[in-house]
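Below: the structure, in structure tokens.
Residue numbers (the working numbering): 720 to 822.
Right, dumping it as structure tokens:
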């Protein structure tokens, strides 16, 4: 959750992962999110609410929702593709053509 785009890098979608990482960093910067988190952790809630730009901060929930959804769907699709390729490889490589099926 603290490294957006890492799931995309895991499933070898490098350009998408780097774009998402850069975009999330930019939105967090323009929302003044690191400063607001620092003020919140030190107990200065009034400074945190004054410094955060909510118009930019409200971009973060849909961005994170897209990141989680797209990385999950990509991983599931790659797993399905891997299972099909593995089944094809094992049938081609290890099962004889005249295999007597036990019926």
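Backbone N, C-alpha and C fix where the C-beta goes; we use that ideal spot for every residue, glycine too. Keep in mind it's a predicted model, so treat the numbers as computed, not measured.
Between the alpha carbons of residue i and residue j, how many angstroms are there, rounded?
i           : j           : result
residue 774 : residue 728 : 29 Å
residue 780 : residue 757 : 20 Å
residue 811 : residue 739 : 40 Å
residue 722 : residue 805 : 31 Å
residue 797 : residue 761 : 43 Å
residue 778 : residue 741 : 14 Å
residue 784 : residue 808 : 36 Å
residue 815 : residue 726 : 39 Å
residue 763 : residue 769 : 10 Å
residue 747 : residue 776 : 7 Å
residue 820 : residue 803 : 22 Å
With a 10 Å radius around its C-beta and 16 neighbouring C-beta atoms as the bar for buried, classify residue i as buried or exposed.
i           : result
residue 743 : buried
residue 786 : buried
residue 840 : There is simply no residue 840 to check, as the chain begins at 720 and stops at 822 in what is shown.
Give a yes or no on whether the C-beta atoms belonging to residue i and residue j are separated by under 8 Å.
i           : j           : result
residue 752 : residue 771 : yes
residue 724 : residue 737 : yes
residue 767 : residue 750 : no
residue 733 : residue 790 : no
Does DSSP classify residue i as helix, strand or coil?
i           : result
residue 727 : helix
residue 778 : coil
residue 818 : coil
residue 736 : helix
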